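Input: a single structure, listed below in structure tokens.
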Amino acid sequence: MLEILERSAIAAGRAILDIYNAGPAVAYKADASPVTDADHSAERIILADLAANFPDIPVVAEEAAAAGHVPDISGKPFFLVDPLDGTKEFVGRSSDFTVNIALIENGVPVTGVVYAPALGILYSTSSRKAKKALVVDDRIASPQADIGCRICGDRPVALTSRWHNSAETIAYLADHGITDYEAVGSSLKFCLLAEGLADIYPRFSRTMEWDTAAGDAILRAAGGETLTMDGTPLTYGKRNQRHDSDFANPWFVARGKP
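Per our numbering, the sequence shown starts with residue 1, numbered consecutively.
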């Protein structure tokens, strides 16, 4: 399965880069978040690949969900897909955008692929091993290297969202004496934790499950964790939430080894 997901993410990344280089057409959703022709093109590629190879596994994809197309996922594994995570980064000509594909079983992200096409970097996990590889000319060009979280030292490094930072995040950093932090876009924040390049990622602003699942899978496989504010692991497949929409995440803190 992982090889198929990796190939699909790379193919979607090629479509994204073609539009990135040509100049995207940008529209805005009801929540004022941007969506481009690259989002739709990449999602079509991934959905076709998943349907051809895993026809019995339902898929929850960001743009399809926005259009009201959500399959029945009750009591079964399902895929979560964000075809272009970091659309604001993409529109702003930053390189911090990714393709995210994750498999969820019993509320847990167990397989994940995060591909950063502008950086040529692919992160993935299955069988509880997190890996990183370079991609050149749409092919994995280097042996996939095992990655793992580092043990947090006396001076932790935090990652924050470039576009969705909040007063609560700044207060959290201050309360925990964290003065070193960097703003990074998209699910790359999870991957940098998994790679041992940072220690903690507090998120006190809105995310959806397709934003986090693939990166969360990689972080967990690398020895890290993603906890909600009550100290329990972030779960997936959240429907009929009393105070929020389907698939919306609560605030959380992702971190490497404490």
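All residues carry an ideal CB built from backbone N, CA and C; glycine is no exception. This structure is a prediction, so every number in the text was calculated from the model and none was measured.
query	result
Inter-stretch contact at 8 Å, needing at least 3 Cβ pairs: the region 96-116 / the region 73-81	yes
8 Å contact criterion, which A61 and L47 should meet: CB distance rounded	6 Å
Contact under 9 Å by Cβ, G185 with I73	no
Cβ-Cβ distance between A213 and P109 below 9 Å	yes
First through last residue of the beta strand (DSSP E) which encompasses T36	P34 to T36
Three-way DSSP call (helix, strand, coil) for T87 in this model	helix
Unbroken alpha helix (DSSP H) run spanning D175, endpoints	A167 to D175
Whether S127 touches L5 by CB criterion (9 Å)	no
Spatial distance of G148 from T169 (CA atoms)	25 Å
Simplified DSSP assignment, three categories, for G240	Per the sequence shown, residue 240 should be read as Asn rather than Gly. If DSSP states are grouped into helix, strand and coil, N240 belongs with coil.
Classification of I151 by the beta-carbon crowding that lies within 10 angstroms, buried from 16 upward	exposed
Whole-Å CB distance - A217 paired with T87, under 8 Å assumed	Going by Cβ atoms, the distance from A217 to T87 rounds to 21 Å, so no, they are not a contact pair.
Presumed contact (8 Å Cβ cut-off) between A194 and G231, rounded CB distance	The Cβ separation is near 21 Å, so there is no contact.
I121 to V35 span [Cα, whole Å]	23 Å
Assigned secondary structure, S306 (DSSP; H/G/I helix, E/B strand, else coil)	With the chain represented from 1 up to 258, any question about residue 306 goes unanswered, as that position is not in the structure.
Contact check, Y20 vs F90, beta carbons under 9 Å	yes
Exposure of P156, with buried meaning 16 or more beta-carbon neighbours within 10 Å	buried
Counterpart residues of N260 in DSSP-defined beta bridges	Any property of residue 260 remains undetermined from this structure, which presents the chain solely from 1 to 258.
Expected contact under 8 Å - CB spacing of A42 and A66 to nearest Å	That pair is no contact at about 14 Å.
A214 beta carbon near the ligand ATP (any heavy atom closer than 8 Å)	Here there are no bound small molecules, and the ligand ATP is not part of this structure.
Whole-angstrom C-beta distance between S94 and L119, which should lie under 8 Å	Actually they are not in contact, since the Cβ atoms of L119 and S94 sit about 10 Å apart, beyond 8 Å.
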